[in-house]
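Visitor: Just passing along the structure, written as structure tokens.
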Amino acid sequence: MILPILSYPDKRLREPGKEVERFDAELHRLIDDMAETMYAAPGVGLAAPQVGVSQRLFIVDVATDEDEPSDLRVFINPQIISTEGETTFNEGCLSFPGIREDIDRAARVKVRALDKNGTPFELEADGLLAIAIQHENDHLDGKLMIDHLSVLRRRLVHRAMTKRAAVDAAQ
Ligand code: NI
Numbered sequence: 784m785i786l787p788i789l790s791y792p793d794k795r796l797r798e799p800g801k802e803v804e805r806f807d808a809e810l811h812r813l814i815d816d817m818a819e820t821m822y823a824a825p826g827v828g829l830a831a832p833q834v835g836v837s838q839r840l841f842i843v844d845v846a847t848d849e850d851e852p853s854d855l856r857v858f859i860n861p862q863i864i865s866t867e868g869e870t871t872f873n874e875g876c877l878s879f880p881g882i883r884e885d886i887d888r889a890a891r892v893k894v895r896a897l898d899k900n901g902t903p904f905e906l907e908a909d910g911l912l913a914i915a916i917q918h919e920n921d922h923l924d925g926k927l928m929i930d931h932l933s934v935l936r937r938r939l940v941h942r943a944m945t946k947r948a949a950v951d952a953a954q
């Protein structure tokens, strides 16, 4: 089932997610729905708070070329345990439709998380995967791409998004 994605400035995007405690059929259904929603959008990542579920869970799939096999990765209760280097990437976010901004991130991350069955794993990532992990992990703390921008860019993006929300509400 495709879930509605919350758009900035929806306040629910600012709520820190709670730890996932139950690895049951309901969780697996949520993961399936989030994957369907992300692929339909399309996007390379989606965090549970973006679909109104205040839990520490996100998915990413950075295999964006049509001929690449899908590479869905699920991160539950994740922790970024180390970072290295710096990189800048022109990022988008499904909660900021139409917006793309250059954002500075660490170039490499090591993350510890649980998979959909509650089994712990560690992963070292670089490139787009490292960027997506940091972007999605921010969502679990109620942090958004706009928070990484300069005061001026933040104001411009805020204005564009609130104008858009007003137009949507009027329709
Ligand atoms: Ni996002």
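Using our numbering, read the sequence shown as starting at 784 and increasing by one per residue.
For glycine and all other residues, C-beta sits at the position ideal for the given N, C-alpha and C.
#1: Cutting at 8 Å between CB atoms, please list the residues of its own chain near I945, excluding the five before and the five after it.
#2: Quick one: does the C-beta of H931 sit closer than 7 Å to a heavy atom of the ligand NI?
#3: Determine, using beta carbons only, whether A830 and F841 come nearer to each other than 8 Å.
#4: Over the uninterrupted alpha helix (DSSP H) stretch that includes L911, give me the two end residues.
#5: Measure the alpha-carbon distance for R891 versus E919 and round it to whole angstroms.
#6: By Cβ distance, which residues of its chain are closer than 8 Å to K899, with the 5 residues on each side in sequence left out?
#7: Kindly identify the DSSP beta-bridge partner or partners of E905.
#8: Along the alpha helix (DSSP H) that carries T945, what are the first and last residues, could you check?
#9: Under the three-state reduction of DSSP, which class applies to A830: helix, strand or coil?
#10: Just how far apart, CA to CA, sit V934 and A889?
#11: Do L789 and R795 count as a contact pair if the criterion is CB distance below 8 Å?
#12: Please determine whether the Cβ atom of M784 lies at a distance below 7 Å from any heavy atom of the ligand NI.
#13: Quick one: residues in its chain with C-beta nearer than 6 Å to the C-beta of C876, no 5 flanking neighbours on either side, listed in chain order?
#14: How far does the beta strand (DSSP E) with D816 in it extend, from its first residue to its last?
#15: Apart from the five residues just before and just after V894, which ones in its own chain have a Cβ nearer than 6 Å to its Cβ?
#16: How many angstroms separate the CA atom of G800 from the CA atom of V834?
#17: Here's the rule I'm using: 16 or more other beta-carbon atoms within 10 Å means buried, otherwise exposed. How should L855 be labelled?
Guide: According to the data block:
#1: At residue 945 the sequence reads Thr, which differs from the Ile that was named. Answer for T945: P792, listed in chain order.
#2: no
#3: Yes, Cβ-Cβ distance for A830 and F841 is below 8 Å.
#4: Residue range 910-923 is occupied by the alpha helix (DSSP H) that includes L911.
#5: 15 Å
#6: F806, L810, H811, I814, V857, I859
#7: R895
#8: 934-953
#9: strand
#10: Rounded to the nearest angstrom, the two C-alpha atoms are 21 Å apart.
#11: yes
#12: no
#13: M928
#14: First-last for D816: 808-823, but that is the alpha helix (DSSP H), not the beta strand (DSSP E).
#15: Same-chain partners within the cutoff: P861, I863, L906, I916.
#16: 12 Å
#17: exposed
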